[in-house]
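Numbering (full-length UniProt numbering), first residue to last: 1 to 416.
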């Protein structure tokens, strides 16, 4: 008879359309009653003979008398092998090992600046043992804001949901539910997904109003909504999104080439995340220099726009009004920040370069700096005892005799 999950592979469920993904719910175990001296390295070493260990996290029990470990293996059969260590003794402690099932909660609508640590402290505040917190990657959608939190028992799941769901934190009402891997949240971009939404480009400043666009495009069919993104840079052509009630109206709108005699471009809309990536692409490939845009790097792909905004408010600016837009450049572990004034951008470069943020030393510079990052060749060079640094050229040493520009000052201050 063929063994279930033979070779460690799990069947896909075609009926419900769910993807198996990493299938944490069948490859993760919970170890209880570990000695207080046990850390991640010791846990990994003890369970190394069970198979490929992908992730280990260790937490204290509520009474601090012992420790718990969450271990994620590569395959289901490796997790089953780990179960054979239950009731074994480590020093004076008899451990138990069980599959970690139905012990995950889904948390969303927490304040945008929240980090994994903030989420962990929030759940711990209701006397629940938090084993791990997983935030989504923002690589393909910079607006995602939720977390999966593993706790140590189904009872704690109930406690967390009852205590935290609906709680208001800084004007944000929390949503906390028991996680169901097969349940999908309703999409907020149905218009684009169903091809009922169009993007209108090359709009003039006068045309960038909901009333104007609704009036002109209602000739194509019933209009469901009109969205005109705020903070559009005046020097660029404007754009807006129009969602119709049916596909035929969107197809008719695509045929529109002019509005009041002005040439416009109408295309079926892609996901908002894709549109944002297109903005990033235009900035990266543009030959024109915009002194209002700065680049921040390196950043984790889990760093949100709100966390970057909080950093700017803490270190550089007084109000959010100084910012035009923040764009994540996750393929380069970076972000672009567009300010309303170039002076603020220059101040930001000087203030943030070399600052520690989320355990990384930030570089802050221009778009060109991100395109062509410089490697510090002296960083790993052995120092010679009698070596003396070359003096930096004085201000009057500039050969062309011209006054120093802002870029010259930036190069002197930052060594670029």
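We treat Cβ as the ideally placed atom computed from N, Cα and C, and that holds for glycine. Owing to the predicted nature of the structure, the values given are computational and were not obtained by experimental measurement.
For residue 164, the secondary structure class from DSSP, reduced to helix, strand or coil, is helix. Within the model, the alpha-carbon separation for residue 254 versus residue 200 is close to 9 angstroms. Contact check between the segment 236 to 256 and the segment 217 to 224: three or more CB pairs, one atom from each, fall below 8 angstroms, which counts as touching.
Residue environment for residue 127: exposed (fewer than 16 other C-beta atoms within 10 angstroms of its C-beta). Put simply, the backbone Cα of residue 29 is about 22 angstroms away from that of residue 117. The C-alpha of residue 156 lies about 21 angstroms from the C-alpha of residue 169. For the pair residue 207 and residue 171, the Cα-to-Cα distance works out to about 35 angstroms. In this structure, 176 is the residue among 285, 138, 176 with its C-alpha nearest to the C-alpha of residue 149. Around residue 102, the same chain offers 154 as residues with beta carbons nearer than 6 angstroms, after the five sequence neighbours per side are excluded. Taking the Cα of residue 125 as reference, the smallest distance to any Cα among 112, 62, 93, 24 is reached at 62.
When only Cα atoms are considered, residue 287 and residue 327 end up about 19 angstroms apart. Cα atoms of residue 121 and residue 366: separation of roughly 36 angstroms, rounded to the nearest angstrom. For residue 44, the three-state secondary structure derived from DSSP is helix. Within the DSSP bridge table, the entry for residue 103 names no partner.
For residue 147, the pairing in a beta bridge is given by DSSP as 107. Counting C-beta pairs closer than 8 angstroms gives three or more between the segment 290 to 309 and the segment 317 to 334, which meets the contact rule. Excluding the 5 residues flanking it on each side, residue 33 has same chain C-beta neighbours closer than 7 angstroms at 66, 93, 94, 95, 96, in chain order. Per DSSP, the continuous beta strand (DSSP E) segment holding residue 201 begins and ends at 197 to 203.
DSSP lists 72 as the beta-bridge partner residues of residue 28.
In the DSSP assignment, residue 349 falls within the unbroken alpha helix (DSSP H) covering 342 to 352.
Residue 353 places its beta carbon 9 angstroms or farther from that of residue 339. Where residue 178 is concerned, there is no enclosing alpha helix (DSSP H), although the beta strand (DSSP E) around it starts and stops at 175 to 178.
According to DSSP, residue 365 shares a beta bridge with 295.
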